[in-house]
Structures are given as C-alpha cells and as structure tokens.
Amino acid sequence: MADKKSQDIDLHTTETGFRYHRGSALSIFKSDRYEDFIALACALLIALGVFLLLR
Amino acid sequence: MVYTRKHPALFIIGLLLLVHGALIAGGYMGGVQKYLNIARAAGEMTNFSYIFGAVAVVVGLWHWFGSHREGNLDYYSSSIAGGIFILFVAMIVKWYLDPWVGALSRGVGPVIPGGRFIHDVFGLNYVVLGIVAGMVIVNVFSIPDWAQNGVRLSRLGLKSGVILLGTLYSLAELANLGRLSVVMIGIFVLGSVGLVLVIGVQRKISNSMGGVLSAGVGVCGVSAAVAAAPVVRARSEEIAYTIGTILVFGVICMFIFPVIGHMLNMGYIQFGAWAGTGILNSAQVAGAALAFQPAGIETLKVAEIFNITRVLFLPIIVLWLAVWYVRRETAAGEVGVQQVDTTRVIFEKFPVFVLGFILMFALSSTGIFAPAQHYQGRYFDNTRVAAARMLNDNEVATLRTESSKLQREDQKGALNRLIENKKLMSIDDDDVLRGVVNSGALSRDANAALRKAHNAVYHTAPMIAAFRDWITWLFAFGLTGLGMQITMAAMRQAGGEPLVIGSTVGVVKAVLSLIVVLLFVRETI
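Going line by line, the protein sequences match chains A and B.
Each residue of the first sequence is one higher than the one before, starting from 732 at the first, in my numbering.
Each residue of the second sequence is one higher than the one before, starting from 2 at the first, in my numbering.
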C-alpha cells in the first residue's frame with residue numbers, strides 16, 4: 732500500500748461524480764479542525780447576539 | 002475552478018420566500034395555518050422568510066449576473082446557494098410537511114393504546130422527514146449543480162448546534178448525567194471496539210479495515226472513522242466502506258429506536274441514554290432523540306451528553322488502535338511499518354467543537370444566560386407565581402383527602418407544605434413530590450394538581466428559549482443536508498464484511514445498552 736494513498740482521507744469526489752478541488756465531499760473547509768473553529772465562531776456569534784438582544 | 006453558477010434558482014427561491022413572508026404577514030394563509038395548526042409559528046415564518054428571502058435575492062442576483070473568478074470569494078460565497086437550498090427544504094418540511102403528516106395521521110385516529118397516532122409511533126416529524134426529503138432529492142433528482150458546494154455546509158450546522166447545546170446544561174445536571182454516561186459509554190465503547198477487532202481478526206479482514214471500522218462503530222461514527230484512519234493507515238475505500246456501514250446502520254436505528262422507545266414507554270432520560278449509547282453516528286443520535294421527542298429537547302440534551310462523552314473517548318481509542326495496529330503489523334512481519342506519532346495524532350484530531358460545548362456550558366453555569374441553578378433550561382423561583390397558577394380550593398381539597406395514602410415522612414411533609422401555601426416552597430419539596438407522581442400512588446386528579454404546582458414554580462429564561470430555537474433550526478438544517486449526502490451508492494458500499502461485522506456489533510451494543518438502561522436508568526436524576 733502506497734504511503735501517500737493511505738493518508739488520503741479527504742474524499743474529494745462525491746458518489747455522483749462531482750469532484751471538489753478544495754475541502755472534501757463532506758465539508759467545504761480544508762480540515763475538520765478548521766470546520767470546528769468556524770462552528771465555534773458561529774456559535775459564539777449567535778450566543779452574543781442572543782445575549783445582547785435579550786439581556 | 003469557479004464554483005459559482007450563473008443560474009436564477011437562488012434568486013427565484015428568494016422571491017418565493019419574500020412572497021411567502023408577505024402572505025403570512027398579511028393573513029392570507031390563515032386557512033392553511035388553521036388546518037395545519039401552525040398559527041403559533043407565524044412570527045417565525047414571517048421573519049425567517051423575509052430575512053433569508055432578502056439574502057437569497059441579493060446574493061442570487063449577484064450569482065446570476067455578476068462576474069466570478071476563481072478564489073476564496075467565489076468558493077465561499079457560492080456555498081450560500083446550497084445553504085439557502087437546504088434551509089428552503091427544511092422550512093417546507095418543518096412548517097408544512099410535518100404538520101400536514103400530523104394532520105393526516107390524527108385524521109386516521111390512534112393506532113395503539115394510549116392514544117398514539119401513526120406519526121407518533123413511527124417518529125414522522127420534521128427531523129425524519131427532513132432527512133428523507135434530502136435522500137429523495139439526492140437519489141431521485143440529484144443535487145442541482147448550483148447547490149452542490151453549499152450542501153457541504155450541513156455538518157457545520159450540526160457542529161454549531163452541538164456547541165450551543167452547552168448553554169442548556171446546568172452543572173448539577175451535567176454532573177449527574179456525566180457519571181452515568183461515563184460508566185455506560187466506557188463499557189460500551191471499549192467493549193464494541195474490542196469486539197470489532199476480535200471479529201475482524203477472525204473474519205480475516207485487513208488490520209486497517211478492522212481498525213477504522215472499530216473506531217466508527219465504537220466511538221462516534223463518521224468523524225471517528227476519519228480521525229482513526231491515519232493511525233491504522235486506512236485506505237480511502239476502507240474509510241468509505243466504514244462510512245457506508247455506519248450510515249446504513251445509523252439510518253435504520255434512527256427510524257427503529259424511537260418506535261421501540263415509544264413501545265416500551267421509555268422516559269426522556271432513558272431514551273436519551275439509550276440513543277446516545279446504542280446509535281453509532283452523532284447525527285443520527287440527534288435525529289433519533291428529536292424523532293422521539295419532537296416537541297421538546299430534553300431527550301436530545303441527554304442523548305448529546307452521552308454522545309459527547311463518547312466523543313471524549315476518541316483520544317483513548319486512537320491511542321489503543323495505534324498500539325494495536327503497530328503490534329499486529331509487526332507480528333505479521335510487515336516490513337517498513339512506521340511508528341505513528343500518536344500524541345501528535347491525538348492533538349491534531351481532537352474535536353475542537355467538543356471544547357466549544359464545554360465553553361458554552363461554563364458560560365451558562367456562571368448565570369449569564371439564566372439563573373445558574375437552571376435545570377433543563379428551567380429554574381425554580383416560587384416568588385414569581387401568579388395567583389391563577391397557585392392551587393385552587395378544589396385541588397387543595399383533593400390533595401388533603403389523599404394525603405393519608407402517603408407513608409413516608411418526607412412526602413407527607415412536602416405535601417403538607419404545598420397544601421398550606423398553595424405553591425411549592427423548595428426544590429427539595431418538588432423533587433419529593435415528583436417522585437410521588439412517578440410512583441402513581443395518588444389519583445389522576447391529585448397528580449394533575451402536583452404537576453400544576455411543579456409548572457407554576459419553574460420558569461424558562463428567554464435566552465434559553467432563544468437558544469432552543471436556534472438549536473432546533475441548526476439541527477433541522479444539518480440533518481436535512483445530511484440526508485442530501487446519503488446516496489444509494491454509499492449505501493451499496495456497505496455490502497460485505499464491514500456491514501456484517503459492523504451490524505453484528507451494532508445490534509449487540511444496542512440490545513445490551515437497552516437492557517442496561519431499562520434496568521439501571523431512572524427517569525429522575
């Protein structure tokens with residue numbers, strides 16, 4: 732098994748044949764870690780908005 | 002590659018939403034709203050339609066007539082079309098399809114004793130219908146080209162929803178549920194990972210296949226499989242096989258678990274504990290919990306505690322798999338097996354959104370969103386009980402008549418204080434009397450009076466209510482988008498050994514965890 736292939740965990744091509752050159756078939760972001768940080772930023776923004784509007 | 006498509010679809014969706022908002026605001030949909038019993042959602046329907054309709058019109062015009070060049074702006078802004086597409090489908094399902102199915106089901110009448118309708122029994126609510134709608138779209142019509150990029154935003158919605166769930170937990174609740182979940186999850190995660198590895202060796206699948214499948218089946222589904230892949234040097238097709246297995250098993254569980262839960266008359270905590278332990282993938286845990294209790298999120302909260310506890314086991318499993326894989330390959334005489342830097346892998350793969358959940362929980366525990374002692378988003382305050390919500394003379398008389406049925410001194414004392422003051426005087430009294438209700442010792446009228454007294458002293462903070470709405474919509478968005486990623490080709494990929502092994506271990510885990518939950522998990526915590 733080629734080492735390079737074994738580490739190729741980004742599934743760029745969907746089942747329908749559409750191929751992404753960025754992100755993966757499951758996410759537009761370059762990595763899970765990056766997506767986690769974006770989700771954290773979104774959640775904090777929502778929490779801040781709720782807090783400021785309803786306090 | 003330019004991702005933005007010059008297409009009028011997003012602009013048209015925007016116009017439809019604006020017209021929809023205007024029709025609701027103008028009262029032209031009154032008949033439909035009355036038939037579907039959705040009048041309470043009119044404000045939400047109007048606001049959402051106007052806000053996202055305006056966004057879709059503006060961005061849609063830009064996509065349609067603007068000039069686009071390859072780059073970050075093109076890449077990220079093109080995803081808005083897919084995001085609005087998912088949201089549009091989720092809106093149709095949540096506002097119209099779900100109430101319509103409910104109305105049809107109620108028209109048929111109860112199908113099982115206890116007054117449960119078809120849609121209750123099969124969990125046909127906006128969550129399940131959203132996933133099914135997504136699956137129908139991708140498999141029958143296929144995702145339109147202009148929406149392809151944005152459909153990949155669904156997991157972001159799910160992760161944001163999980164982080165926000167942290168706002169709903171109190172320290173006491175988490176501590177109680179945490180102990181239970183660590184014990185249960187510890188046993189079942191480690192047990193199922195070990196079982197997959199043992200069966201995998203017996204069935205002679207590759208070590209990398211067994212390793213990645215065990216992480217997927219044992220921990221938290223797709224993300225665990227992806228996280229464990231580099232440790233066991235799994236190939237892309239092995240990851241795809243694992244994901245297919247998890248999705249097939251998870252989808253089946255998502256539909257079956259709520260049905261079994263209702264048949265066994267399980268409580269919210271029992272079902273949440275079972276779903277959080279027995280279902281393989283995080284998204285389907287949320288789907289099953291919301292399918293079981295669509296009108297509230299108590300079950301979802303419990304299930305997510307278990308799910309997050311399971312995710313927290315990921316570093317341990319990654320470490321275990323790394324050691325196991327290296328030993329297996331070395332024992333098999335593989336030449337050139339490289340040592341994997343497990344510390345680095347764990348650091349790189351630890352899911353940050355779990356830390357976000359803990360951060361939100363910490364913020365919530367300070368009392369910034371609601372009184373710090375809030376329980377399931379509600380808090381005790383008997384100084385704010387309106388006169389109409391206090392017990393009336395008939396209810397007091399009923400409780401006084403039945404007080405002789407109670408034997409325990411703490412129960413007698415709590416009931417006497419309630420009768421004397423016509424409202425609950427402490428959280429401890431409430432806990433004791435909730436136990437009385439659960440025991441069924443008193444009559445239906447007396448239990449109704451106790452429930453009224455309980456509801457009168459518990460209040461929901463406006464911020465918590467707002468967070469609940471956000472969480473509901475983020476999950477509706479994420480799960481509808483998830484449905485759009487479940488293709489028949491992925492389902493077929495689950496065929497063969499991974500499906501046999503994964504399903505065997507999954508069924509064993511589901512059955513054993515159900516037995517444990519029914520034996521040891523009580524509805525009060």
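The beta-carbon is built from N, C-alpha and C at its ideal position, and this holds for glycine as well.
Backbone CA spacing between B/G217 and B/L281 [nearest angstrom]: If you number the second sequence from 1, residue 217 of chain B lands on position 216. If you number the second sequence from 1, residue 281 of chain B lands on position 280. Taking the straight line from one Cα to the other gives about 7 Å.
B/M136 at chain A interface by Cβ criterion, 7 Å: Locating residue 136 of chain B in the second sequence gives position 135, where the first residue counts as 1. Not closer than 7 Å to any Cβ of chain A, the Cβ of B/M136 fails to qualify, so no.
Inter-residue Cα distance where the pair is B/G479 and B/Y77: By one-based count along the second sequence, residue 479 of chain B stands at place 478. By one-based count along the second sequence, residue 77 of chain B stands at place 76. Going from the Cα of B/G479 to the Cα of B/Y77 covers about 18 Å.
Where B/T461 falls: helix, strand or coil (DSSP): By 1-based counting over the second sequence, the position of residue 461 of chain B is 460. Of the three classes helix, strand and coil, the one that applies to B/T461 here is strand, per DSSP.
Sequence-distant residues of the same chain with beta carbon closer than 8 Å to B/L19, five excluded per side: Translated into positions along the second sequence, residue 19 of chain B becomes position 18. Once the five neighbours on either side are set aside, the close Cβ partners of B/L19 are S50, Y51, G54, A55, V58.
Residue of B/R6, B/V220, B/W325, B/D429 minimising C-alpha distance to B/W62: As a first step, residue 62 of chain B must be located in the second sequence, where it is residue number 61. The sequence as given places Leu at residue 62 of chain B; Trp does not occur at that position. Among B/R6, B/V220, B/W325, B/D429, the Cα nearest to that of B/L62 belongs to B/R6.
Spatial distance of B/V249 from B/S283 (CA atoms): Translated into the one-based positions of the second sequence, residue 249 of chain B becomes position 248. Translated into the one-based positions of the second sequence, residue 283 of chain B becomes position 282. Take the alpha-carbon of B/V249 and the one of B/S283: they are about 14 Å apart.
B/R390 (DSSP reduced to helix, strand or coil): Within the second sequence, residue 390 of chain B is the residue found at index 389, counting from 1. B/R390 falls in the helix class under three-state DSSP.
Beta-carbon proximity check, B/T47 vs B/G27, cutoff 7 Å: Taking the first residue of the second sequence as 1, we reach residue 47 of chain B at position 46. Taking the first residue of the second sequence as 1, we reach residue 27 of chain B at position 26. Not in contact: B/T47 and B/G27 (Cβ atoms no closer than 7 Å).
7 Å Cβ cutoff, B/A467 in contact with chain A: Walking along the second sequence from the start, residue 467 of chain B turns up at place 466. Answer yes: the Cβ-Cβ gap between B/A467 and chain A drops below 7 Å somewhere.
Assigned exposure category for B/R379 - 16 Cβ within 10 Å defines buried: In the second sequence, counting from the first residue as 1, residue 379 of chain B sits at position 378. B/R379 should be labelled buried.
Burial state of A/K761, where buried means 16 or more other Cβ atoms lie within 10 Å: The residue you call residue 761 of chain A lines up with position 30 of the first sequence. That one is exposed.
Three CB pairs or more closer than 8 Å across the segment 158-171 of chain B and the segment 349-369 of chain B: Flag = yes, the segment 158-171 of chain B and the segment 349-369 of chain B touch.
Beta-carbon neighbours of A/L785, restricted to chain E and to distances below 7 Å: Going by chain labels, chain E is absent from the structure shown, which instead holds the protein chains A and B.
Residue environment, B/L519, which counts as buried when at least 16 other CB atoms sit within 10 Å: Position 518 of the second sequence, counting from 1, holds the residue named residue 519 of chain B. By the 10 Å Cβ count, B/L519 comes out exposed.
Close-in-space but distant-in-sequence residues of the same chain around B/L313 (CB under 8 Å, 5 per side omitted): Counted from its first residue, the second sequence places residue 313 of chain B at position 312. Result list for B/L313: V355, in chain order.
Collapsed DSSP secondary structure at B/R328 in the structure displayed: To locate residue 328 of chain B, count along the second sequence from 1; it is residue 327. The answer is helix: DSSP assigns B/R328 an H, G or I state.
Inter-residue CB distance, B/S182 and B/T300 (contact presumed, cutoff 8 Å): Against the second sequence, residue 182 of chain B aligns to sequence position 181. Against the second sequence, residue 300 of chain B aligns to sequence position 299. Beta-carbon to beta-carbon, B/S182 and B/T300 are separated by about 14 Å, too far to satisfy the 8 Å threshold.
C-alpha gap between B/A230 and A/G754, whole angstroms: Along the second sequence, one-based indexing puts residue 230 of chain B at 229. Along the first sequence, one-based indexing puts residue 754 of chain A at 23. Computed Cα separation, rounded: 17 Å.
Simplified DSSP state of B/F381, which is helix, strand or coil: The residue labelled residue 381 of chain B in the question sits at position 380 within the second sequence. Correct three-state label for B/F381: strand.
Chain A residues whose Cβ lies nearer than 9 Å to that of B/M361: On the second sequence, residue 361 of chain B is found 360 positions in, with the first residue counted as 1. By Cβ distance, chain A contributes A774, L775, A778.
Three-state secondary structure assigned by DSSP to A/Y765: Taking the first sequence and counting its residues from 1, the one referred to as residue 765 of chain A is at position 34. DSSP places A/Y765 within a helical segment (H, G or I) once states are collapsed to three.
Proximity test, Cβ basis, 7 Å: B/R385 and chain A: Indexing the second sequence from 1 puts residue 385 of chain B at position 384. No - not a single Cβ of chain A is within 7 Å of the one on B/R385.
Alpha helix (DSSP H) runs contained entirely in the segment 283-319 of chain B, provided each spans 4 or more residues: Listed in chain order, they are 283-293, 299-313.
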